[in-house]
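So the sequence shown is residues 222 to 464, counted in the numbering used here. All C-beta atoms, glycine included, are put in the ideal place defined by N, C-alpha and C.
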Amino acid sequence: MSEVVLVDAHCHVHEYSDEEIKSFGNIRIAGVAMDYESSGATLELAKRFRNIDPFVGLHPWNLHKNLDELENIKRLAVSCGASGLGEVGVDLRFARAPFKEQLKVFSEICELAVENGLPLNVHALGGWDSVVKTCIKLGVKSLLLHWYTGPLELLKEIRDASYFISINPAVTIQQKHMHILREADMDIILTESDGPYNYRGVELTPKSLPGLLNTIASVKRLTVAEASRLIYENYLRFLGASR
Ligand SMILES: [Zn+2]
222 MSEVVLVDAH
232 CHVHEYSDEE
242 IKSFGNIRIA
252 GVAMDYESSG
262 ATLELAKRFR
272 NIDPFVGLHP
282 WNLHKNLDEL
292 ENIKRLAVSC
302 GASGLGEVGV
312 DLRFARAPFK
322 EQLKVFSEIC
332 ELAVENGLPL
342 NVHALGGWDS
352 VVKTCIKLGV
362 KSLLLHWYTG
372 PLELLKEIRD
382 ASYFISINPA
392 VTIQQKHMHI
402 LREADMDIIL
412 TESDGPYNYR
422 GVELTPKSLP
432 GLLNTIASVK
442 RLTVAEASRL
452 IYENYLRFLG
462 ASR
């Protein structure tokens, strides 16, 4: 039987201690950041843990207070060996910065991604369509829409552009997300924890990944080994733009 490689394509790994990270084992983790400080911390972690792919970014929730950090974060992205940009994006529901400003910053980040061949690890709550259209328009090659709960109709556009969505362990209790899992083609699916986080009583951590993989395999009528192989291949394609 082939080896099962677990992928956590969106994790705030800088919030865990070294001991906790060790306890996750060999899970391949895309570590995303919220601001300049956590971007630096994630890059540092990746030097100590070979299974961490470091992303640097400025979360849309932080745009109203940390926008002055953007230039420094961009510098980290191009000069410090980041695997990609994230967590970046837009949020129509919870971010305090006006949507127009969020989209302007996101467009700048897209341009940086295109210039440097970096993948984007994106939060797009309520703004899925704008994000996908902006990325296509600006020529972004590699995009992950994390914890996708957007319109089903957008899945085709996402697939046609060779972009990805990630499925979160909350899929077992979030019907909308389960609907996405059922409808989405396997070649656009990645797995994530978004840990550390607690969603309606469900603890989200990289340790939730084996259970999530079982759920995906059963929904897609695949063996766990087949599902994990497909997801790992997707993950390598997602990162590929940075290689
Ligand atoms: Zn996140």
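State yes or no: is the beta carbon of residue i nearer than 8 Å to at least one beta carbon in chain B?
i    : result
D289 : This model lacks chain B altogether; it includes just one protein chain.
Just to check, is the beta-carbon of residue i closer than 7 Å to a non-hydrogen atom of ligand 1?
i    : result
E424 : no
H285 : no
E258 : no
D229 : no
E236 : no
D274 : no
H398 : no
E454 : no
D415 : yes
E277 : The identity of residue 277 in the sequence shown is Val, whereas the question assumes Glu. V277 Cβ: outside cutoff for every heavy atom of ligand 1.
Have a look at residue i and residue j and give me their C-alpha separation to the nearest angstrom.
i    : j    : result
P390 : E374 : 23 Å
F320 : P281 : 10 Å
M222 : L284 : A caution first: M222 carries a pLDDT of 48, below 50, which makes its placement in the model too unreliable to give a value.
N317 : N287 : A small correction: the amino acid at residue 317 is Arg; Asn does not occupy that position in the sequence shown. If you take the alpha carbons of R317 and N287, they lie about 12 Å apart.
T355 : E224 : 38 Å
P427 : I248 : 8 Å
V253 : D406 : 25 Å
Y205 : N272 : Any answer about residue 205 is impossible in this case: the structure gives the chain only from 222 up to 464.
K362 : S449 : 23 Å
S463 : E292 : Low per-residue confidence applies at S463: pLDDT is 43, beneath 50, and the placement is therefore not dependable, though the value from the model is reported in the following sentence. When rounded, the distance between both Cα atoms is 20 Å.
Residue i lies in the beta strand (DSSP E); which residues open and close that run?
i    : result
F315 : Unbroken run through F315: none, as it is neither H nor E.
G252 : R249 to G252
T412 : I410 to T412
To the nearest whole angstrom, what separates the beta carbons of residue i and residue j, a pair I think is in contact under 8 Å?
i    : j    : result
V234 : L266 : 6 Å
C189 : S414 : For residue 189 there is no data in the structure shown, the boundaries of the chain being 222 and 464.
L279 : D256 : 6 Å
What are the boundary residues of the alpha helix (DSSP H) that includes residue i?
i    : result
C356 : W349 to L359
S259 : Y257 to R269
D239 : D239 to S244
Q) Where are the alpha helix (DSSP H) runs, 4 residues long or more, that stay fully inside the stretch 362–395, in chain order? A) 375–381
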